[in-house]
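Below is one structure, written out as structure tokens, with a few remarks after it.
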DNA sequence: AATACTACCTGCGTGC
DNA sequence: TGCACGCAGGTAGTAT
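In full-length UniProt numbering, the protein residues as written are 1 to 277.
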């Protein structure tokens, strides 16, 4: 499900529901979800561990336990669900954390793309996926000069470049489309052809869209009872994503959908013109 | 080194 | 109804 705002909403849900709980047992039903260590070690090491807090970096969740840290990525459809008492598992429940008080946290993932990795305390920051992440899309971390330089170095289309997490962390298919609409940039515009002024506008758009979506609790596309982070309402503020055929809120031209780097891409053909350089 | 394509999975809607 | 196909909020591995 998640891009940065949704993962942040899940993080808050986890803090409010499972912070301070101690693990009694871990069940794993789809082994590939656990990247490392081996399943038995993963299960063994977590027994008796207490959840001290849950952090986020980009789209990754970082669970801080007493002696370990767990990096968790939800990829396309991963969800955490919390239950007060044991209940029958459905076919898409792949990992179950049972706490000493009888409550449980279930990792649910229809497409099984999500991953978890357990590392020793203090070692999560060495996890490969976290090492290659760009800055958080907030004013304090996201440096304009550096952003400009990175874009100048690449002739790749701006959309796939923003999706790769290395220049800035946390954007996915929904928010990239929204950001490019707000900044009036065509998704296929080569990064190194953006003017200094456009890059400045793009940076502000990224910060603004992510901040607003975080405030709204993310975008909810499918509703799932009990799933943490499914209460968002940013879908009411989308201008292009999923709005094919609907008039652009700025100019009235119908929003179109095209394919860019194999991803469905929404844009206003009037506001977002490809600029020849 | 940077870039593009594919694999990883399941379910749903569409068109024949 | 059945079936093939394309599509879905993402990333890692592989080939060029």
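In this text, a Cβ means the ideal position worked out from N, Cα and C, and glycines have one as well.
- A distance below 8 Å separates the beta carbons of residue 196 and residue 148.
- Three or more beta-carbon pairs drawn from the segment 167-185 and the segment 252-266 are found closer than 8 Å, and the two stretches are therefore classed as touching.
- Residue 105 is not a Cβ neighbour of residue 113, given a cutoff of 8 Å.
- For secondary structure counted as the beta strand (DSSP E) over 3 or more consecutive residues, the segment 17-53 holds these complete runs in sequence order: 23-28 and 34-36.
- In the structure shown, the three-state DSSP call for residue 177 is helix.
- Comparing C-alpha distances from residue 133 to each of 168, 150 and 143 shows the shortest one belongs to 168.
- For residue 171 against residue 206, the beta-carbon gap comes to about 7 Å, under 8 Å, which counts as contact.
- Around the beta carbon of residue 14, 16 or more other beta carbons sit within 10 angstroms, so the residue counts as buried.
- For residue 265, the uninterrupted beta strand (DSSP E) segment begins and ends at 263-267.
- Straight-line spacing of the CA atoms in residue 262 and residue 86 works out to 41 Å.
- Spatial neighbours of residue 270 in its own chain (CB-CB distance under 7 Å, excluding positions within 5 residues in sequence) are listed in chain order as 248, 251 and 253.
- Under the Cβ criterion (8 Å, minimum of three pairs), the segment 224-243 does not count as touching the segment 137-146.
- Its chain contains 51, 52, 53 and 54 as the residues whose beta carbon lies nearer than 8 Å to that of residue 19, once the 5 sequence neighbours on both sides are disregarded; these appear in chain order.
- Around the CB of residue 189, 16 or more other CB atoms lie within 10 Å, so the residue is classed as buried.
- Residue pairing by DSSP leaves residue 113 without any beta bridge partner.
- Rounded to whole angstroms, the gap between the alpha carbons of residue 115 and residue 71 is 8 Å.
- Around the C-beta of residue 123, fewer than 16 other C-beta atoms lie within 10 Å, and the residue is accordingly described as exposed.
- The alpha-carbon of residue 93 is positioned some 17 Å away from that of residue 35.
- Here residue 238 carries a coil assignment [DSSP, helix/strand/coil].
- Under the DSSP assignment, residue 256 falls in the beta strand (DSSP E) whose first and last residues are 256-260.
- Straight-line spacing of the CA atoms in residue 90 and residue 119 works out to 28 Å.
- Cβ-Cβ distances below 8 Å link residue 57 to 130, 133, 136 and 169 in the same chain, with the five nearest sequence neighbours on each side left out; the list follows chain order.
- Residues 39 of the same chain have their beta carbon placed closer than 8 Å to that of residue 31, with the five preceding and five following residues left out of the count.
- DSSP lists 55 and 71 as the bridge partner or partners of residue 62.
- Burial check for residue 240: the Cβ neighbour count within 10 Å reaches 16 or more, so the residue is buried.
- Going by beta carbons, residue 227 and residue 79 fall inside the 8 Å limit.
- Burial is judged here by how many other beta carbons sit within 10 angstroms of a residue's own beta carbon; residue 214 has at least 16 and is buried.
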